[in-house]
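Worksheet: the structure to be examined is printed underneath.
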Amino acid sequence: GGVTNALMGEIRLTWWREAMDEVAAGQAPRKHPTVEAVVAAGYPLTALAEMAQARLTDLEPAPFEDEGQTLAYVDATAGAVMMLSAWRLDPKTDLHAVKSAARAYGLAGLWRLKQVGAGRLPSDWTQSEVRSRIGEALAKARGELKALPVAAFPAAALAALAQAQTGGRTLGVLETQARLTWAVATGRV
């Protein structure tokens, strides 16, 4: 579950980052069922370690100061999840093929958080600026995703929701499922 104490969250995330770093450095995995499963599956451990490190910033609710901080966070969180998902679906996947799709979806996620009072986006970013950045990321993603194997495309499909999720209304379950199904069926976000 989640943590209500920032110190406990820091301890947990540090433990996971160190566990991944140790295995990446050639040490035996810690005796923990999830660590052992991740190692056995062959996941790229540096991405997991970087994600744990980036999640430490979630413990301090202050907004990011600029675009650089924001994109670094998005790349290490939403980017890592999308890359690892694509890798799991097809281990031969060029992980960078999903980077812009992940950025679009990650920025939409930060916008959704801002709408419920947990703003991490730079305080001067407006809805139209976020939508513009998402549009740029999606335009780039459409080119990058052409290199993505068909089997790995479902990992990037969430990007198809990004523009709609920042449009001022909540997507219903049916619309969300239809958008995802269409994205996977057509290979387009």
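Just so you know, the sequence shown maps onto residues 1147 to 1335 in our numbering.
Quick reminder that beta carbons are idealized off the backbone N, C-alpha and C, glycines included.
For residue 1276, the uninterrupted alpha helix (DSSP H) run begins and ends at 1273-1290, by DSSP. With a threshold of 16 other beta carbon atoms within 10 Å, residue 1183 falls short and is exposed.
For residue 1156, the closest alpha carbon among the candidates 1193, 1198, 1221 and 1186 is that of 1198.
Distances from the alpha-carbon of residue 1242 to those of 1302, 1276, 1219 and 1200 put 1302 closest. About 6 angstroms separates the beta carbons of residue 1192 and residue 1170, which is inside the 8 angstroms limit, making them a contact pair. With at least 16 other beta carbons inside 10 angstroms of its own, residue 1181 counts as buried. Here residue 1269 carries a coil assignment [DSSP, helix/strand/coil]. The Cβ neighbour count for residue 1331, taken over all protein chains shown within 10 Å, is under 16; the residue is labelled exposed. According to the DSSP assignment, residue 1320 belongs to the alpha helix (DSSP H) that extends over 1319-1332.
Within the same chain, 1195, 1198 and 1199 come within 7 angstroms of residue 1163 by CB-CB distance, once the 5 residues on both sides are set aside. When the beta-carbon positions are compared, residue 1232 and residue 1306 stay at least 7 angstroms from each other. When only Cα atoms are considered, residue 1293 and residue 1283 end up about 16 angstroms apart.
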